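Notes follow the structure.
Residue numbers (the working numbering), protein chains in the order written: chain A, 1 to 264; chain B, 265 to 599; chain C, 600 to 870.
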């Protein structure tokens, strides 16, 4: 399994380098994408220094937590996002035939991904941590990797849910787009600015707030998190991630069995 | 009147040299090497209005490149080209009005529209007067039977249907010249015949000049008295098909069905090309012995129940030229 | 020999192209859902963000809360209509070779792309009504005077042309490199930020503002928007529109030059 995956990395690398402008440009795009997000935050907070008690340093760190989880997800689990397309063009049926757990097979499909985003995310996270003045103690070193991985699981789970819906609805592009936009843009700000309904949704239904907001409240020593929750709740992200992913996986298996049962 | 003229037409393509392996791929990030390929060189063509010319050659010989220069898509590296008096790539708009094109491999119809709407859009593009448009559509429908699938989306048409649509589209604006690039590829025998009939009719009724590139030599035999042969970017033959057959097609074949089981056959002046039970194929050089003489000799020696004469087929003639190169004296261009 | 007489210019083919583009867009129902859904999310987000920011900080000169909310709403509506920065028709046609058919027709190919793109925009313009209705559920949108609205409309149209030119120029790059998706996305994101769609340019540090107002991105979004909310007053209408027009002319020239050069060196597969 690992050999197969490693093999695909080599192909990715060769393919990416062959189309030289391609590779450089897509890396440039990654930089621009994240760069404009942070630049927007900077500009806004330059004129309006505080948002619900959060300043630019806080927001920079907030973004860093999300970005790292997102980068890991996109680099490692990009296959899942393509499932709706595979179902549409019949490629998915080929995977069902392989002697591998289907989800693993999906993840192992080679794509165009090169770890430039991951490298950028790591670099940015280090800089943001230093810049925001967060205390890098034992708890930090121990918990941050777990929190980030928990965040990755949350993003993976949501993609899995959308992929499962594709078993029934085939065209889920619009849904996927909306959900991703919700994840990417709403997590840039402390969720305290949203109305109560949205806060509850982002905490207990699609727990994007656990990807970065709640952990950030803890590490930045904020006095209180949204919904009156104590900041230490932020350390629960790994658990939240596992639970949410577990639920998504159950849903996935359910959908998969229905799909196989219907007969193709 | 000369309607197409090229003088020393030449086209060179530049492409990047790929280097193998990961090391090469990395190196390519920093520097690149180019290689040049001469696609077409020294092409001198002269076509008269109303001619039908077959433009033949193996894959990669430069046929498509030449056609693309004549239709204004590619700009020649050097040399000159004039189609209906204008330089195609310089005056694309004007050139577009003078020509019609059918690509066998790609449709020019609008993929997401019903066929009828595709034609209406083309009418607007080519500024075809409404009555002429109606007249043409009626005429095309008679020959090509389009009404059956006029309302179908173009992308849902079968290959044969789509090709017929493309032909109608190419002729819709009464172009002076029509370029047919592999027009019968993939079609069944009936469809091919319909297409050939259409082309012959258009040429006869309207005097449309036709340039036909194809791999199916039956197309050429049916339609084009004159052929231009191109190989590796240069013209190696330009003349009448009949003359080519005369030149190269010296060998005819007499096929006889023997009445008895003769163990051995031998006839003066002929070579036993093949023997399969009671069928024997005798090859003879038309310049050395006439068919009449040979038949008499056979009848004098053997008892037969049936005989037939096979002409040299254009396929093998052209194949020989491709592989061996053209060696006879050059015939006057235009035959 | 026939003379190469310049054919008389006709509108009819291009009008037909535009109509076909509208009909085509109408078949993409999912894109419509995505556009509207995305619009609603963004509208909500922007409202919450600005409300929170204005609550705890001193309001900047000239742009009270209702003005910035109006700005955001109109900006998002503009973005809905001008959803053309991802248009890659020329690029697609170069890639699959279908450009060949267009080159052989008696039409000016760049005008074809313009007619096609404008058709798409006109279709998206129809989405403004439902989007506007939804936006009004979330924020209040100021309505300026008739003169201001008219100037805004003019500025908006100029901005559209500038955007079209930029998109066309990027598509032309496909003649040389054959890969433009990444570049297009980069330009899209830069435009959103530097054009003042997300954040009004007047919120940028002063030093940046001088540069940003001079860029064509500002001509696409910032100028019409600032006219709408009154930040650019009637005394500056002429100069603001003038800068837009100047960019339009300059970019149009680049378009012509690139198109000429690119169409000369076109390479299409197949021998």
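Quick reminder that beta carbons are idealized off the backbone N, C-alpha and C, glycines included.
Note that the structure is predicted; figures quoted are calculated from it, not measured.
Exposure of residue 299/B is indicated by the presence of fewer than 16 other C-beta atoms within 10 angstroms of its C-beta. Using beta-carbon distances, residue 758/C does not count as an interface residue toward chain B, since no partner is under 8 Å. Neighbours of residue 390/B in chain C, taken as residues whose beta carbon is under 7 Å from its own, are 705 in chain order.
Taking the Cα of residue 149/A as reference, the smallest distance to any Cα among 67/A, 138/A, 101/A and 203/A is reached at 67/A.
Secondary structure note for residue 475/B: its beta strand (DSSP E) is the uninterrupted segment 473-477. Between residue 662/C and residue 796/C, the CB-CB gap reaches or exceeds 8 Å. At least one C-beta of chain C is nearer than 8 Å to the C-beta of residue 335/B.
Under the Cβ distance rule, residue 835/C does not count among the residues neighbouring chain B, no pair being separated by less than 8 Å. In the DSSP assignment, residue 824/C falls within the unbroken alpha helix (DSSP H) covering 821-827.
No Cβ of chain B is located within less than 8 Å of the beta carbon of residue 786/C.
Taking C-beta separations shorter than 6 Å and ignoring five residues to either side along the sequence, the partners of residue 72/A in its chain run 152, following chain order.
Here residue 316/B has 467, 474, 487 and 488 as same chain residues with Cβ atoms under 6 Å from its own Cβ, once five neighbours each way along the sequence are excluded. Apart from the 5 residues on each side of it in sequence, residue 659/C sits with its Cβ closer than 7 Å to the Cβ of 802 in its chain, given in chain order. Taking 7 Å as the cut-off between beta carbons, the residues of the stretch 355-368 of chain B near chain C are 355, 356, 357, 358, 360, 361, 363 and 365, in sequence order.
Annotation: residue 715/C to residue 46/A spans about 41 Å, alpha carbon to alpha carbon.
Contact of residue 636/C with chain A is assigned, a C-beta pair being separated by under 8 Å.
In this structure residue 301/B is exposed. Its beta-carbon is surrounded by fewer than 16 other beta-carbon atoms within 10 angstroms.
Bridge partners of residue 515/B according to DSSP: 549/B. Taking the beta carbon of residue 370/B as reference, the chain C residues within 8 Å of it are 696, 697, 699 and 700, listed in sequence order.
When the five nearest sequence neighbours on each side are left out, the beta carbons in the same chain lying within less than 8 Å of the beta carbon of residue 522/B are those of 529, 542, 543, 544, 566, 567, 568 and 569, in order along the chain. When Cβ pairs closer than 8 Å are counted between the two stretches, the stretch 809-819 of chain C is seen to touch the stretch 749-765 of chain C, the count reaching three or more. Rounded to whole angstroms, the separation of the alpha carbons of residue 86/A and residue 225/A is 41 Å. For a Cβ distance threshold of 9 Å, nothing in chain C lies close to residue 480/B: the least Cβ distance comes to about 17 Å. In the three-state scheme derived from DSSP, where H, G and I count as helix and E and B as strand, residue 41/A is classed as helix.
When the alpha-carbon of residue 102/A is set against those of 179/A, 79/A and 158/A, the nearest one is in 79/A. In the three-state reduction of the DSSP assignment, residue 48/A falls in the coil class, being assigned neither a helical nor a strand state.
Its chain contains 379, 421 and 425 as the residues whose beta carbon lies nearer than 7 Å to that of residue 413/B, once the 5 sequence neighbours on both sides are disregarded; these appear in chain order.
Interface annotation for the stretch 338-357 of chain B against chain C: 338, 339, 348, 349, 350, 355, 356 and 357, criterion Cβ-Cβ distance under 7 Å. A contact between stretches requires three or more CB pairs, one per stretch, nearer than 8 Å, and the stretch 695-710 of chain C meets this requirement with the stretch 359-371 of chain B.
About 10 Å separates the Cβ atoms of residue 676/C and residue 728/C, ruling out a contact at the 8 Å cut-off.
Nearest CB-CB separation between residue 152/A and chain C: not below the 8 Å threshold.
Non-local beta-carbon contacts of residue 382/B in its own chain, meaning distances under 8 Å to residues more than five positions away in sequence, involve 373, 374, 418, 429 and 433 in chain order. Per the DSSP secondary-structure output, residue 266/B pairs in a beta bridge with 312/B. Non-local beta-carbon contacts of residue 471/B in its own chain, meaning distances under 6 Å to residues more than five positions away in sequence, involve 314 in chain order.
Residue 342/B counts as exposed, since fewer than 16 other C-beta atoms from the protein chains shown sit within 10 angstroms of its C-beta. Within the model, the alpha-carbon separation for residue 583/B versus residue 495/B is close to 11 Å.
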